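Peer 1: Sending over a structure as structure tokens; questions will come in a sec.
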Amino acid sequence: MSGKPGLILFAHGSRDPRWAEPFERLHSKLRAQRPDAEVRLAFLELMTPSLDDAVAELVALGSLDITLVPVFLGQGGHLRRDLPLLADACRQKHPAITLRVSTAVGENDGVLQALATYCTDELDRR
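The opening residue of the sequence shown carries number 294 in the numbering used here; numbering runs sequentially from there.
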């Protein structure tokens, strides 16, 4: 067992497998930047693995300290209503874990600034 901390990138999911490509790139970047952590992707619906499966995989690897980062721009219904229920179910199924849920990435000022920079760069390309 590794005992490494776990990081789960939680995204919505889509029927189109290409939709997940940016999340897979983010996953790869984080794995390279943080070899001291177990990094996984999980999806709310339409794609696998589910949050429950990702948590179970991390627990099987010995990760008991898990941070869940919703890769959503805002705190809509899925994050306000569905995610707390899913996270609580994971905690009940694995009572030895600490599962922290952060706010949506789009709520972070650094992320918003990166998006604003991207948009102004695109505007300046004309």
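Just so you know, even glycine gets a beta-carbon here, dropped at the ideal spot from N, CA and C. Owing to the predicted nature of the structure, the values given are computational and were not obtained by experimental measurement.
Is the separation between the beta-carbon of S307 and that of E331 shorter than 8 Å?
Peer 2: no
Peer 1: With a threshold of 16 other CB atoms inside 10 Å of the CB of L344, please say whether the residue is buried or exposed.
Peer 2: buried
Peer 1: Looking at the structure shown, is F365 part of a helix, part of a strand, or coil, going by DSSP?
Peer 2: In the structure shown, F365 sits in coil (DSSP, three-state: anything other than H, G, I, E or B).
Peer 1: Nearest by alpha-carbon distance to E400: which of C383, L378 and V362 is it?
Peer 2: V362
Peer 1: Residues bridged to I301 by DSSP?
Peer 2: R333 and L361
Peer 1: Closer than 8 Å is the cut-off here; do at least three beta carbon pairs connect the stretch 358-377 with the stretch 297-315?
Peer 2: Flag = yes, the stretch 358-377 and the stretch 297-315 touch.
Peer 1: Just the C-alpha distance for A383 and Q406, rounded to the nearest angstrom, thanks.
Peer 2: First, the residue type needs correcting, since residue 383 is Cys and not Ala in the sequence shown. Rounded to the nearest angstrom, the two C-alpha atoms are 33 Å apart.
Peer 1: Based on the DSSP secondary-structure assignment, which residues constitute the bridge partners of R393?
Peer 2: T360
Peer 1: Using 8 Å as the threshold, is the C-beta distance between E350 and R333 below it?
Peer 2: Going by C-beta atoms, E350 is nearer than 8 Å to R333.
Peer 1: On the CB-based measure, 16 or more other CB atoms within 10 Å of its CB, does L392 come out buried or exposed?
Peer 2: buried
Peer 1: Going by the beta-carbon positions, is the gap between L339 and D375 smaller than 8 Å?
Peer 2: no
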